[in-house]
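Per the numbering used here, residue 1 is the first one in the sequence shown, and the count goes up by one each step.
This report refers to the structure that appears directly beneath it.
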Amino acid sequence: MDMFERTLPLVGEEGIKKLRGAHVAVFGLGGVGSYAAEALARAGVGCLTVVDDDVVTPSNLNRQLYALHSTLGMAKCDVAKSRILDINPLAKVNALKMRFGSGAAMDFSFDFVVDAIDDIPAKVLLAKTCAERNIPIISCMGTGNKLDACAFKVADVFSTSVCPLAKAMRKLLKDAGVTSLKVVYSAEPPQKTGSRTPASLPFVPPVAGMILAGEAIKHLCGKE
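Here's what the structure looks like:
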């Protein structure tokens with residue numbers, strides 16, 4: 001049976017064709033981005049560029065798709081590439097072990113960008129870069145210190161509330177000349193944990209990742 005047998009009735013032949021011909025970049029392959037990349041691969045996106053400079057560590061095991069005892073110490077982008085090709089051997093995957101920033105040189109020939117980076121300046125730069133090139137982008141806001149997986153919403157960052165990360169982003173985006181940015185954010189106030197490191201459980205970040213991928217897929221196959 002064809003791997004897209006269950007996908008075809010929802011998006012049609014034309015949708016399958018558009019997804020197969022699309023090039024999507026996923027920046028950040030942690031608890032959010034790993035699941036976004038997974039959904040994009042399973043939907044049949046023909047070319048994926050996956051970007052992350054980190055390796056799998058024991059602290060990733062509680063929530064990240066690529067984190068297994070067998071992958072500890074491996075580059076997340078390499079694990080992502082191997083998994084994506086195991087899902088769809090016909091896909092093209094560019095695995096980039098790098099941190100996106102002002103000194104990062106890369107070809108932005110993407111049809112869609114998914115931002116699952118943790119670093120705020122990098123998120124702002126990525127949004128600005130996409131805006132300047134008219135590349136559709138969706139950015140994930142904070143998923144740490146959350147318990148309600150049903151509290152995620154899709155909105156423009158300038159229309160969000162509650163999320164501290166979105167609040168910090170708004171000022172920096174304005175300063176960068178970015179007037180609009182589609183985001184996934186949580187309307188749940190962050191839990192007070194007493195820890196400086198954001199806490200997480202396995203059932204919250206993946207939901208945000210799936211929503212990111214869903215928005216990308218719907219855009220690419222004209223189902224928005």
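Backbone N, C-alpha and C define an ideal beta-carbon position, used for all residues, glycine too.
- Counting the other Cβ atoms within 10 Å of the Cβ of residue 202 gives fewer than 16, which makes it exposed.
- Burial state of residue 173 is buried, judged by a 10 Å Cβ sphere holding 16 or more other Cβ atoms.
- Assignment of residue 223 by DSSP, reduced to helix, strand and coil, places it in the coil class.
- About 10 Å separates the Cβ atoms of residue 208 and residue 183, ruling out a contact at the 8 Å cut-off.
- For residue 150, the number of other beta carbons within 10 angstroms of its own is below 16, and it is reported as exposed.
- For the alpha helix (DSSP H) assignment, the uninterrupted runs of no fewer than 4 residues enclosed by the segment 110 to 194 are, from N- to C-terminal side, 120 to 133, 164 to 175.
- Distances from the alpha-carbon of residue 86 to those of 8, 137, 41, 32 put 41 closest.
- Per DSSP, residue 55 lies in no alpha helix (DSSP H) segment and is marked neither H nor E.
- Look at the segment 31 to 106 and you find these whole runs of alpha helix (DSSP H), each 4 residues long or longer: 33 to 43, 76 to 87.
- Rounded to the nearest whole angstrom, the CA to CA distance from residue 15 to residue 22 is 11 Å.
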